[in-house]
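Worksheet for the structure shown next.
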Amino acid sequence: MSCHVAIVTDSTAYLPQPAMSRHGITSVPLTVVLGDEALEEGTEISARSLALALQKRRSVTTSRPSPEEFVRAYRAAAEAGATGIVSLHLSAEFSGTYDAAVVAAKTAPVPVRVVDTGMVAMALGFCALAAAEAAEAGGSVDEAVAAAEKRAADMSAYFYVDTLDYLRRGGRIGAAQALLGSALAVKPLLTLQGGRIEMLEKVRTASKAIARLEELAVERAGAGSVDVAVHHLAAPERAEKLAQRLRERIPGLVEMHVSEVGAVIGAHTGPGLLAAVVSPR
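Numbering (the working numbering), first residue to last: 38 to 318.
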């Protein structure tokens, strides 16, 4: 990590811990509310526990970090020697996390640039890595922000979900779209667009939808150098199979990350989620 510019993100980036440690990236956790119990993502509730709760139809909601949590993260970065901070977060369309970071930045001991990446999961994670690499190369806060924003602009993220019901309950997709999908018994493919989750295609079966997800990722990757992430919730075999196919079919693949999403994203997508994030270098 640069001794001058620190990188802060949130727990929905789902960055591998070794990568966070290597680049000195700090993650501020969101909260999952299970019944009447508030649990920090990543430390107090696992994706597997979340999936079981959803399958039992228990009440699950999510909550942003408080501004005080960001204040603590910014203060710690300053005490460790940072003279500037880049704070990168999931889309403000999904969560109030960005707003909480903006409030905290006003009282931070060093200047903080808060960025709504419009992304989530490793689409956000790749932005944080790009910012960290720019900082490590001696870049300024502005240069680290520019690196993250370029990654975000070039990023593509595709999602398969077994049902739109969880997204509908959380207000992340319109009720009309969700009901249409249910009525037609289609399997939806979704994408991130303008910081929002949008319907991309409707496919008749799960197997065809997953095959189409693979094709979209390969087409987007092209022949250039790219990083790819494959995410899932309670579907490890699907994820490993997709990752292996992408390794075989993407000639310019540099890094592949395969992971289960955390409880916050899982609460809004439900078990069976499969996602591919393609990040050109």
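The C-beta atom is built at its ideal place from N, Cα and C for all residues, glycine as well.
Residue of the options minimising C-alpha distance to residue i
i           : options               : result
residue 241 : 279, 199, 59 and 230  : 199
residue 47  : 125, 99, 70 and 296   : 125
residue 43  : 82, 119 and 69        : 119
residue 188 : 160, 175, 64 and 117  : 160
residue 115 : 248, 63 and 184       : 63
residue 54  : 294, 251, 138 and 264 : 294
residue 314 : 56, 196 and 155       : 196
residue 325 : 139, 83, 85 and 248   : With the chain running from 38 to 318 in the structure shown, residue 325 is simply not present.
residue 154 : 183, 174 and 175      : 183
residue 297 : 283, 57, 275 and 284  : 275
residue 190 : 249, 156 and 166      : 156
Pairwise C-alpha distance: residue j and residue i
i           : j           : result
residue 212 : residue 201 : Because residue 212 carries a pLDDT of 44, less than 50, the predicted location of this residue cannot be relied on, and the following value inherits that uncertainty. Looking at the two C-alpha atoms, the distance is approximately 9 Å.
residue 194 : residue 227 : 8 Å
residue 260 : residue 98  : 41 Å
residue 66  : residue 50  : 10 Å
residue 267 : residue 103 : 29 Å
residue 81  : residue 270 : 17 Å
residue 70  : residue 288 : 42 Å
residue 291 : residue 162 : 15 Å
residue 158 : residue 164 : 10 Å
residue 128 : residue 231 : 9 Å
residue 152 : residue 87  : 28 Å
residue 311 : residue 234 : 14 Å
residue 237 : residue 169 : 31 Å
residue 192 : residue 185 : 11 Å
residue 251 : residue 117 : 43 Å
residue 136 : residue 76  : 21 Å
residue 277 : residue 286 : 14 Å
residue 61  : residue 247 : 35 Å
residue 85  : residue 93  : 13 Å
residue 59  : residue 174 : 14 Å
residue 166 : residue 249 : 28 Å
Counted within 10 angstroms of its Cβ, other Cβ atoms place residue i as buried (16 or more) or exposed
i           : result
residue 224 : buried
residue 73  : exposed
residue 172 : buried
residue 101 : buried
residue 273 : exposed
residue 256 : exposed
residue 317 : buried
residue 308 : buried
residue 244 : exposed
residue 132 : buried
residue 52  : buried
residue 176 : buried
residue 89  : exposed
Cβ neighbours of residue i in the same chain (closer than 6 Å, five flanking residues each side left out)
i           : result
residue 217 : Low local confidence applies: a pLDDT of 47 at residue 217 is under 50, so the model's placement there is unreliable, with the coordinate-based value given in what follows. Excluding positions up to five away in sequence, the list is empty.
residue 341 : For the chain, the structure presents residues 38 to 318; residue 341 sits outside this window and is missing.
residue 10  : With the chain covering only 38 through 318, there is no way to say anything about residue 10.
residue 253 : 195
residue 130 : 232 and 233
residue 110 : 45, 63 and 65
residue 258 : 287 and 315
residue 262 : 289, 291 and 318
Cβ shell of residue i (< 7 Å), same chain only, five flanking positions each side left out
i           : result
residue 79  : 48, 66 and 299
residue 220 : Residue confidence is low: residue 220 scores 44 on pLDDT, short of 50, so the model does not pin down where it sits. Its coordinate-derived value is still stated next. There are no such residues.
residue 280 : 267, 293 and 295
residue 264 : 163, 291, 292, 316 and 318
residue 134 : 47, 67, 101, 102, 126 and 127
residue 57  : 64
residue 284 : 290 and 293
residue 95  : 71 and 72
Other residues of its chain near residue i: CB distance less than 8 Å, five sequence neighbours each side excluded
i           : result
residue 108 : 141, 144 and 145
residue 178 : 42, 121, 122, 123, 148 and 150
residue 112 : 145 and 146
residue 91  : 97, 203, 303, 304, 307 and 308
residue 83  : 300
residue 282 : 251
CB contact check: residue i to chain C, cutoff 7 Å
i           : result
residue 102 : Reference to chain C is not applicable here, since this structure consists of a single protein chain.
*Pick out the complete beta strand (DSSP E) segments inside the segment 214-283, 3 residues or longer, and give them in chain order.*
Here the runs fully enclosed are 224-230, 233-240 and 263-269.
*Runs of alpha helix (DSSP H) lying entirely within the segment 160-210, each at least 4 residues, in chain order*: Within the segment 160-210, the alpha helix (DSSP H) runs of at least 4 residues that lie entirely inside it are, in chain order, 178-191 and 202-206.
*Fully enclosed by the segment 75-110, which beta strand (DSSP E) runs are 3 residues long or longer?*
Runs found: 97-100.
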